[in-house]
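Enquirer: This is the structure I want to talk about, given as structure tokens.
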Amino acid sequence: CAPRSATALDRPVGQWLSNLRRPGALDDHPEWKNALEAVDEHWNPEWPADWQRHYAALRELVADEEGQADVMPGVTVHGMDVGKWLAKQRQHDVWTGLMDRQRERLEQLGITPLPPEQEAPAKARKTASGAFERGVAALAQYKARTGSVTVPRAHVETVVVDGQEHTVKLGVFLSNTKSRRAKLTGNKLQVLAELGLDWAAA
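Counted the way the UniProt record's numbering counts, the sequence shown spans residues 1 to 202.
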């Protein structure tokens, strides 16, 4: 699952693969698809290619280990901080946001999620239960799973906040929040901008 910047024999292989991952790019070339899958069955995964690259690096690193892989942040493979990435995947909110097949792949390497964080104080619970905070949590989970903050208008995301499951109409939340951005506080705009929403940083 080569990154977009990858080259081989001075050829832009990464960009070529990125182009082929676009929907419909191989409709007229089924033989190309078969050949690519013969080289790497996960060359075009259902999840972000960056996730697959980190997973493949982790798999290579722990191939000879048994039980829970002990990879600390700062451990790198091919320039990727696999330890930091693994710590993030094990976080309860990130883990629950992964696709079933992603979790299965991690479990096959002996990776298990961390337990949910202990219940927060009442004041913090009240703050985190607000509609804005739930929307932010839903967006962060969506981004962690898909690698994107472009959300379809009708998309609904289920998040767990303080041990309670919430259904967030994420597409509607983003649309409404953007239309009311002039009324948002600087802190809220900063949170949204840090998640990658360009209009919040403007």
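All residues carry an ideal CB built from backbone N, CA and C; glycine is no exception.
Taking just the CA atoms, how far does G171 sit from P152?
Expert: Here residue 152 refers to the residue found at position 152 of the sequence shown. Here residue 171 refers to the residue found at position 171 of the sequence shown. Approximately 6 Å between the Cα atoms of the pair.
Enquirer: Under 8 Å Cβ to Cβ from L61, same chain only, skipping five residues before and after it: list those, please.
Expert: Sequence index remark: in the sequence shown, residue 61 carries index 61 (1-based). Contacts found: A69, V71, V75, V77, V82.
Enquirer: So, for A193: in the same chain, excluding its five sequence neighbours on each side, which residues have a beta-carbon less than 8 Å away from its beta-carbon?
Expert: Numbered from its first residue, the sequence shown carries residue 193 at position 193. The answer, listed in chain order, is A200, A201.
Enquirer: How many Å lie between V149 and E31 at the Cα?
Expert: As a working mapping, residue 149 is identified with position 149 in the sequence shown. As a working mapping, residue 31 is identified with position 31 in the sequence shown. So the two alpha carbons sit approximately 33 Å from each other.
Enquirer: Give the DSSP-derived three-state secondary structure of D162 in the structure shown.
Expert: Stepping through the sequence shown from its first residue, residue 162 is reached at position 162. Coil at D162, not helix or strand.
Enquirer: State the DSSP-derived secondary structure class of residue 207, mapped to helix, strand or coil.
Expert: Because the chain here runs from 1 to 202, residue 207 falls outside it and cannot be looked at.
Enquirer: Could you pull out every residue in the same chain whose Cβ sits closer than 6 Å to the Cβ of A138, ignoring the five residues on either side in sequence?
Expert: Within the sequence shown, numbered from 1, the residue matching residue 138 stands at position 138. Counting only Cβ-Cβ distances below 6 Å, and skipping sequence neighbours, we find E157, V159, V168, L170.
Enquirer: Note down the Cα distance separating T112 from R105, rounded to an integer number of angstroms.
Expert: The sequence position of residue 112 within the sequence shown is 112, counting from 1. The sequence position of residue 105 within the sequence shown is 105, counting from 1. Each residue's Cα considered, the two are about 11 Å apart.
Enquirer: Quick check: what's the CA-CA separation for K88 versus R180?
Expert: Working through the sequence shown from its first residue, we reach residue 88 at position 88. Working through the sequence shown from its first residue, we reach residue 180 at position 180. Taking the straight line joining both Cα atoms gives about 32 Å.
Enquirer: Among residues of its own chain, excluding the 5 on either side of A144, which ones have a beta-carbon nearer than 7 Å to its beta-carbon?
Expert: Taking the sequence shown and counting its residues from 1, one reaches residue 144 at position 144. Taken in chain order, the residues that qualify are V94, G97.
Enquirer: So, using beta-carbon positions, are L184 and L109 closer together than 8 Å?
Expert: Within the sequence shown, the letter at position 184 stands for residue 184. Within the sequence shown, the letter at position 109 stands for residue 109. The answer is no: Cβ separation not under 8 Å.
Enquirer: Does the beta-carbon of Q141 have 16 or more other beta-carbons within 10 angstroms, so that it is buried, or is it exposed?
Expert: For the purposes of this step, residue 141 is identified with residue 141 of the sequence shown, where counting begins at 1. The residue in question, Q141, is buried, as its Cβ has 16 or more Cβ neighbours within 10 Å.
Enquirer: How is T96 classed by DSSP in three states: helix, strand or coil?
Expert: For the purposes of this step, residue 96 is identified with residue 96 of the sequence shown, where counting begins at 1. Looking at T96 - three-state DSSP - the assignment turns out to be helix.
Enquirer: Could you give the DSSP three-state label for Y62: helix, strand or coil?
Expert: Residue mapping note: residue 62 aligns to position 62 of the sequence shown, counting from 1. According to the sequence as given, residue 62 is Val; it is not Tyr. Three-state DSSP puts V62 in coil, outside helix and strand.
Enquirer: Once the 5 residues before and after Q91 are set aside, which same chain residues still bring their CB inside 7 Å of it?
Expert: Locating residue 91 in the sequence shown gives position 91, where the first residue counts as 1. Result list for Q91: L114, in chain order.
Enquirer: Look up M72 in the DSSP assignment and give the residues it is bridged to.
Expert: The residue you call residue 72 lines up with position 72 of the sequence shown. Looking at the DSSP assignment, M72 forms no beta bridge with any residue, so it has no partner.
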